[in-house]
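Take 3 as the starting number for the sequence shown in this note's numbering and just add one per residue.
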Amino acid sequence: MSAIDLEAAPAEVFAAIVDVDEAEFEQLMAEPASRERIVDALVAHLASRLRPEEAGDLDAVIHVKLWDRPGGGYDHRELIIREGRCTPSANPREEPDLTLKIRPGDLRRIVSGEAGAKRLAFRGRLRAIGDIRLGMRLTELFDLSR
3 MSAIDLEAAP AEVFAAIVDV DEAEFEQLMA EPASRERIVD ALVAHLASRL
53 RPEEAGDLDA VIHVKLWDRP GGGYDHRELI IREGRCTPSA NPREEPDLTL
103 KIRPGDLRRI VSGEAGAKRL AFRGRLRAIG DIRLGMRLTE LFDLSR
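Structure below.
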């Protein structure tokens, strides 16, 4: 397994996990401590890719639920889009306008630009619950190109 510094800033963790192969990524996701840091890094990277000019005066809350948590359940994160900024949180507190349900590997593929969100949704690998119009805008709101 490669040496990923899980104590590094989320951007550095994200940069490192983009380069690991699928088997190593799954191995990292099986460990609770590394899973938390990686989930935080994925969601922080997504938040950092907001296009303020597209968000405009949008006020929205998006919950991200990541399936396949060891021991059952899911990891739950929140993205708050306000005043042209996107703020991630590991402790969801607000009622979501949209909830995204996805596996961590698929989220990694989306935020790294390897796969498109719409394609994964059509294949049933990404579920959007709530404001579907907001869900359809995600590819405009976030720059997820390579």
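Note that CB positions come from ideal geometry on N, CA and C, so glycine has one too. This structure is a prediction, so every number in the text was calculated from the model and none was measured.
Report the CB separation of residue i from residue j in whole angstroms; it is logged as a contact under 8 Å.
| i | j | result |
| --- | --- | --- |
| Pro34 | Ile64 | Not confirmed; about 24 Å, so no contact. |
| Leu143 | Arg53 | 6 Å |
| Val41 | Asp77 | 5 Å |
| Leu146 | Val113 | 6 Å |
| Asp133 | Leu100 | 5 Å |
How far does the alpha helix (DSSP H) with residue i in it extend, from its first residue to its last?
| i | result |
| --- | --- |
| Pro90 | Pro90 -> not in any alpha helix (DSSP H); beta strand (DSSP E) instead, spanning Arg87 to Ser91. |
| Ile104 | Run containing Ile104: none in the alpha helix (DSSP H); it sits in the beta strand (DSSP E), Leu100 to Ile104. |
| Glu97 | Per DSSP, Glu97 belongs to no alpha helix (DSSP H) and is neither H nor E. |
| Leu122 | Ala119 to Phe124 |
| Glu14 | Pro12 to Val20 |
Just to confirm my understanding: we take residue i, look at its own chain, exclude 5 residues before and 5 after, and list those with CB closer than 7 Å. What are they?
| i | result |
| --- | --- |
| Ala49 | Leu81, Cys88, Thr89 and Pro90 |
| Met3 | Because the pLDDT at Met3 is just 46, under 50, the model does not fix this residue reliably, and the value given afterwards should be weighed accordingly. Within the same chain, Met3 has close Cβ partners Glu26 and Gln29. |
| Lys120 | Thr141 |
| Ala92 | Asp42 and Arg79 |
Could you please give the first and the last residue of the uninterrupted beta strand (DSSP E) stretch that includes residue i?
| i | result |
| --- | --- |
| Gly132 | Leu128 to Gly132 |
Closer than 6 Å by C-beta to residue i: which residues in its own chain qualify, once you throw out the five before and the five after it? Chain order, please.
| i | result |
| --- | --- |
| Gly86 | Pro54 and Ala57 |
| Pro12 | Asp42, Ala43 and Ala46 |
| Glu38 | none |
Grab me the residues of residue i's own chain with a C-beta within less than 8 Å of its C-beta, minus the 5 sequence neighbours each way, in chain order.
| i | result |
| --- | --- |
| Val32 | Per the sequence shown, the amino acid found at residue 32 is Ala instead of Val. Pro72. |
Assess, as a yes-or-no matter, whether the segment 108-118 is touched by the segment 131-139 under the definition of 3 or more beta carbon pairs within less than 8 Å.
-> no
Within the segment 30-84, ranges of the alpha helix (DSSP H) (whole runs, at least 4 residues) = 34-50 and 54-57
How do the segment 14-23 and the segment 38-57 stand: do at least 3 beta-carbon pairs fall below 8 Å, yes or no?
-> Enough Cβ pairs lie closer than 8 Å, so yes.
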